[in-house]
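Undergrad: Would you mind keeping the following structure in view while I ask a few things?
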Ligand SMILES: Nc1ncnc2c1ncn2[C@@H]1O[C@H](COP(=O)(O)OP(=O)(O)O)[C@@H](O)[C@H]1O
Ligand SMILES: [Mg+2]
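Numbering (our numbering), first residue to last: 33 to 258.
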């Protein structure tokens, strides 16, 4: 199996206002078809590691490889392109744009990548919203959706450009148990049936249990991986 995303001894430190280590020499490689849960106490560096893996932040040491290719030397524009093409994000708070409909929120990353025609984008958006069970809500703005519907629209948006790598930060953090279960099943499907590399930060013990692999962090370090 190919490793789609890999952190090689990445560290991320802050110097201001005082020296602080967010991520400490963390190494982690995730293959296509694998669902990985990242767990650990609040403040241990889970989100920081996710930002590094997703090229939203740069490590001070080490490198992140996407499809086996180092990224540290890339210019910002190339990193942005790689991110748009290969990586999708689902954040704890959905971060859908409030003034856009569900449909337009999902179309946005497709328009930014500019690989598909308008008609192709329309078709792809409807397909994704249907797949996530929110096709009937396509014309609604986020404030007219339930929490579970919003999170499913956020997942559809993360999948907009068919990313091989899906990174999720506490995607079930604000969901009830039914919606949590549905979202966990969706992530399992995205990994196992669609062969994506799926990495989810989670506090949900059931979610961690449902993952193929659990990575535990403490004080910026990966202390367990099994
Ligand atoms: N830009 C920043 N400046 C200062 N401290 C930060 C910054 N970003 C994160 N932190 C701190 O770094 C630690 C790790 O953060 P984070 O990766 O968000 O942890 P987690 O997601 O595991 O809760 C936390 O203590 C957080 O308060
Ligand atoms: Mg966090």
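Every residue gets a Cβ at the ideal spot worked out from N, C-alpha and C, and that includes glycine.
1) When you compare the CB positions of residue 130 and residue 175, do they come within less than 8 Å of one another, or not?
2) Under 7 Å from any heavy atom of ligand 1, does the C-beta of residue 180 make it?
3) Determine the extent of the beta strand (DSSP E) in which residue 210 is found, giving its start and end residues.
4) In the DSSP assignment, what residue or residues form a beta bridge with residue 121?
5) Taking residue 190 as part of the alpha helix (DSSP H), name the residues at either end of that continuous run.
6) Going straight from the alpha carbon of residue 189 to that of residue 213, what length do you get?
7) Within the chosen definition, does the segment 50-58 reach the segment 74-89 through at least 3 CB pairs nearer than 8 Å?
8) Using 8 Å as the cut-off, can you tell me whether the segment 150-157 makes contact with the segment 114-129, which would need three or more C-beta pairs spanning the two stretches below that distance?
9) Going by DSSP, what residue range makes up the alpha helix (DSSP H) through residue 241?
10) Just to check, is the beta-carbon of residue 89 closer than 7 Å to a non-hydrogen atom of ligand 2?
11) Please report how far the alpha carbon of residue 147 lies from the alpha carbon of residue 104, in whole angstroms.
12) Mark residue 85 as exposed unless 16 or more other C-beta atoms lie within 10 angstroms of its C-beta, in which case mark it buried.
13) For residue 100, does the count of other Cβ atoms within 10 angstroms reach 16, so buried, or fall short, so exposed?
14) Beta-carbon within less than 6 Å of residue 192's beta-carbon, same chain only, minus the 5 sequence neighbours each way: which residues are those?
15) Residue 35 and residue 233 look like a contact to me (Cβ under 8 Å); what is the Cβ gap, rounded to whole Å?
16) So is residue 31 buried or exposed if we call it buried at 16+ other beta carbons inside 10 Å?
17) Below 8 Å CB to CB, which residues in the same chain sit around residue 76 once its five sequence neighbours on both sides are set aside?
18) From residue 231 to residue 67, what does the alpha carbon distance come to, in whole angstroms?
19) DSSP on residue 160, reduced to helix/strand/coil?
20) Do residue 65 and residue 170 have their CB atoms nearer than 8 Å?
21) Kindly list the residues whose CB is nearer than 8 Å to the CB of residue 114, restricted to its own chain and excluding five residues on each side of it in sequence; keep chain order.
TA: Result, derived from the coordinates:
1) yes
2) no
3) No beta strand (DSSP E) holds residue 210; the alpha helix (DSSP H) holding it covers 209-224.
4) 199
5) 179-190
6) 20 Å
7) yes
8) no
9) 237-242
10) no
11) 25 Å
12) buried
13) exposed
14) 138, 141, 142
15) About 19 Å separates the two Cβ atoms, so there is no contact after all.
16) Outside the displayed span of the chain (33 to 258) sits residue 31, for which this structure offers no information.
17) 249, 250, 251, 252
18) 6 Å
19) helix
20) no
21) 87, 98, 103, 106
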